[in-house]
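Protein chains in written order, with my numbering: chain A, 548 to 936; chain B, 134 to 388.
This report concerns only the one structure given below.
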Amino acid sequence: MSTPKPDRWRALRLTLITLFVALAYVFAYRGSFIASGSPLDPRDLLSPDLWAKGGPLLGDFLTPDLAARDIEPVTLQLPVPVPCGSAENGAPAASGPRLVPSVPCAEPRDKFTVEGFELQPNTELQLRWRLPSGQYFPGQFITTDADGYFSAEFEARPIVATKDGVPGQIEVELQVEVGELKPSQAFFDVLDGVIVTIFMALMATAAAVVVAAPFSFLAAQNVTRRGPVGTAVYYTVRTIFNILRSFEAIVIATLFAFWVDFGPFAGVLALTVVTVASLGKLFSEAIEGIDPGPVEALTATGANRLQVVWFAIVPQIVPNFVSFIIYHWDINVRISTIIGYVGGGGIGYYLAQMINTGQDNKAGTAIWAIVLVVWAMDFISAEVRKRYT
Amino acid sequence: MLEVQNLHKVYPNGTRALTDVSFNVEDGEFLVVIGLSGSGKSTLLRCVNRLIEPTQGKILWDGVDVTAATGAELRGVRRRIGMIFQQFNLVKRSTVMTNVLAGRLGYVGTAGSLVGLWSAEDKAQALRALERVGLAEKANARADALSGGQQQRVAIARALMQNPQLILADEPVASLDPVLSHSILQYLEQLNREEKITVVCSLHFLDLVHRYATRVIALKDGQVVFTGLPQEIDKARFKEIYGEDAIEVKAGLSA
């Protein structure tokens, strides 16, 4: 019989625990932020700089690269007869992407301006002369403004003079979007990555089940721990599971990446190891939690140990095992995303590449895909487990 | 004949479950073991087929030293001893048929049984056993779809598959309605009389003991305090076995 503790003791205990937690927090703060030389100042969160940097980044992530039109090169041409009258004057279009000169024709050494309208906004373009001979005479680089407008100075050099009635032309090459809106390259790359990640998780889970299922029986007290040999096996397998479980998936993935090279294979190997350890523990605990009655009954019939396991234990653990396997597949999809980030392939690797090369729209596509897949896996796994057990 | 000689059982935690228990069971007897909960009845029954290892003492069955048997020899002994449990101990998620066939595991090869290859003979025997306990039509039902009384009858059918010469029944009716007690015990009595299967059964209710036992032994604190015929248990003996405060309760509805 335990006597109920006086209230003041409980109050004191609560105070001491609170004090301890507070102290631990202070030490952790000092250790992690002050020792690293960048003390965390809560006011940083309000600094305009942080938000100025984060805003566009967030914008890019919120506008993922999903769809695009085909791109075709289109050349805009504008004939400029030099000298005047040597050929027919050019007639600029009234709308659409067009080049408009300040003069219809020019005398050698004349200076004039050329304006561009409704071109691609904020884009660098190269202007050039196409000579009557068909050769190019490189001109200048210009950058269009937000409305797709530019204005550039030209000089009518003698080399551009009309020859045999063919005038020289000012040219600019544009990249024009044509046709229907289609899923973009990034969309397909992300889809590819997601499928690779899901299958990495599936392969690792399947391989891990094949290893963990038989070994989990060896790590189950009620099956194995009999006699000195059984006890030794029980502790050995349990210890191996425990050691394996103490390694983080991402650490093992990095090791494997150096061993078998970066890619999905390294990711699958690492995931398998981690899943064996985790499922091994879950499985063996499920086995230890069975009703011992049928085991006793079948042992009493003269069945051997393998038969007892198969007829008395296996039917009892099937629902649990199925539930754990599906749950772990779900977990593995998330882990394999992270593993991919350190070189394990799949969507994680794609995400890392896009972030490292500053292609934030594509990184956004990958992030949305990950959110969608994780949510879907979570939902499916919960539904299946609910229905099966 | 089953001979139990100076049997002792001390559990690792120090509990003395059996102290110097000796008795014989002749072939064809219906021996009932009585005693309070914790008096050692279950331990005693489980020592007979070595589900529990006795600490000391000997058990001889048909001249074979059960306590010395190991491995295949022990399994050979076990397969001729059927056992019925208080909690029925069926595999609940398996079908009735699979549960009954499992009684045959001691006779069949490991590989064949693991892939579910049962001989036509075994299947026919299983159906006969189920017919015998009146559950042939439940063969393909899941065991947990059956009522308690039906589950215990399946357990009897499973024991029958062993072609047992001895049936150990550990409180076979303690989890059942008193009304069903007679139904279950009558099956055991029938097997005892018609098939000459020796039965060693632990029971709680004295009226059931009087009705079914051919001989009784009583345990108190792990020791045999009475051996004799059921009629010999009068009020005085009853108080001796169950203590001064005990009041006899009837299972009701005599058959």
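Where a beta carbon is used, it is the ideal one built from N, C-alpha and C, also for glycine.
{"Check": "So with Cβ pairs under 8 Å, would you call residue 548 of chain A a contact of chain B?", "Outcome": "Summary for residue 548 of chain A: the model assigns pLDDT 46, below 50, so the residue's position carries little reliability; its value from the coordinates is reported in the next sentence. Not closer than 8 Å to any Cβ of chain B, the Cβ of residue 548 of chain A fails to qualify, so no."}
{"Check": "Do residue 157 of chain B and residue 140 of chain B count as a contact pair if the criterion is CB distance below 8 Å?", "Outcome": "no"}
{"Check": "Comparing the C-beta of residue 768 of chain A with each C-beta of chain B, is any distance below 8 Å?", "Outcome": "no"}
{"Check": "Mind checking whether residue 229 of chain B and residue 274 of chain B have CB atoms under 8 Å apart?", "Outcome": "yes"}
{"Check": "If we cut at 8 Å on Cβ distances, does residue 182 of chain B have a partner in chain A?", "Outcome": "yes"}
{"Check": "Residue 146 of chain B touches chain A at which residues, Cβ-Cβ below 7 Å?", "Outcome": "Going along chain A, no residue has its Cβ under 7 Å from residue 146 of chain B, so there is no contact; the nearest lies around 17 Å."}
{"Check": "Quick one: grab the DSSP three-state call for residue 152 of chain B.", "Outcome": "strand"}
{"Check": "Once you ignore the five residues that flank residue 834 of chain A on each side, which residues in its own chain have a CB closer than 8 Å to its CB?", "Outcome": "763, 764, 767, 769, 770, 860, 864"}
{"Check": "Work out the CA separation of residue 308 of chain B and residue 177 of chain B for me, nearest whole Å.", "Outcome": "20 Å"}
{"Check": "Hey, residue 352 of chain B and residue 168 of chain B: beta-carbon distance below 8 Å or not?", "Outcome": "yes"}
{"Check": "Would you call residue 304 of chain B buried or exposed, if buried means 16 or more other Cβ atoms sit within 10 Å of its Cβ?", "Outcome": "buried"}
{"Check": "So, is residue 907 of chain A buried or exposed, given that buried needs 16 or more other C-beta atoms within 10 angstroms?", "Outcome": "buried"}
{"Check": "Do residue 288 of chain B and residue 223 of chain B have their C-beta atoms within less than 8 Å of each other?", "Outcome": "yes"}
{"Check": "Looking at chain B, which residues of the region 553-565 of chain A have a Cβ within less than 9 Å of any of its Cβ atoms?", "Outcome": "none"}
{"Check": "Using a Cβ cut-off of 7 Å, pull out every chain A residue sitting near residue 212 of chain B, in sequence order please.", "Outcome": "848, 849"}
{"Check": "Where do the ends of the beta strand (DSSP E) carrying residue 334 of chain B lie?", "Outcome": "331-335"}
{"Check": "Which class does residue 921 of chain A belong to by DSSP, given the choice of helix, strand or coil?", "Outcome": "helix"}
{"Check": "Using a Cβ cut-off of 8 Å, which residues of the region 830-849 of chain A contact any Cβ in chain B, in chain order?", "Outcome": "838, 840, 841, 843, 844, 845, 846, 847, 848, 849"}
{"Check": "Taking a cut of 7 Å between CB atoms, which residues from the region 233-254 of chain B lie near chain C?", "Outcome": "The structure shown has no chain C; the protein chains it does contain are A and B."}
{"Check": "Which residues in the same chain as residue 388 of chain B place their Cβ atom closer than 6 Å to its Cβ, once the five residues preceding and following it in sequence are excluded?", "Outcome": "Only weak support exists for where residue 388 of chain B lies, its pLDDT of 40 falling under 50; the coordinates are left without a value."}
{"Check": "Just checking my contact of residue 255 of chain B with residue 226 of chain B at CB under 8 Å: how many whole Å lie between their CB atoms?", "Outcome": "With a Cβ gap of about 21 Å, residue 255 of chain B and residue 226 of chain B do not count as contacting."}
{"Check": "In whole angstroms, give me the CA-to-CA distance for residue 825 of chain A and residue 788 of chain A.", "Outcome": "8 Å"}
{"Check": "From this set, B:221, B:184, B:201, B:179, which residue's C-alpha is nearest residue 280 of chain B's C-alpha?", "Outcome": "B:221"}
{"Check": "Is it buried or exposed, residue 795 of chain A, if we count other Cβ atoms within 10 angstroms and call 16 or more buried?", "Outcome": "exposed"}
{"Check": "Among residues of its own chain, excluding the 5 on either side of residue 347 of chain B, which ones have a beta-carbon nearer than 6 Å to its beta-carbon?", "Outcome": "162, 163"}
{"Check": "Taking DSSP as the reference, what is the three-state secondary structure of residue 937 of chain A?", "Outcome": "In the structure displayed, chain A extends from 548 to 936; residue 937 of chain A sits before or after that span and is not available."}
{"Check": "Tell me the start and end of each unbroken alpha helix (DSSP H) in the region 810-883 of chain A that is at least 4 residues and wholly inside, in chain order.", "Outcome": "811-835, 839-847, 852-855"}
{"Check": "Hey, does residue 871 of chain A have any beta-carbon neighbour from chain B nearer than 8 Å?", "Outcome": "no"}
{"Check": "If you run the structure through DSSP and keep just helix, strand and coil, what is residue 617 of chain A?", "Outcome": "strand"}
{"Check": "What does residue 859 of chain A reach in chain B if we use C-beta pairs closer than 7 Å?", "Outcome": "224"}
{"Check": "Look up residue 641 of chain A in the DSSP assignment and say whether it is helix, strand or coil.", "Outcome": "coil"}
{"Check": "Consult DSSP for residue 683 of chain A and reduce its assignment to one of helix, strand or coil.", "Outcome": "strand"}
{"Check": "Given residue 731 of chain A, which residues of its chain have a CB within under 7 Å of its CB, disregarding the five upstream and five downstream residues?", "Outcome": "612, 613, 614, 615"}
{"Check": "Starting from residue 769 of chain A, trace the alpha helix (DSSP H) both ways and give me its first and last residue.", "Outcome": "768-771"}
{"Check": "Can you pull the chain A neighbours of residue 220 of chain B, defined as C-beta to C-beta under 7 Å?", "Outcome": "840"}
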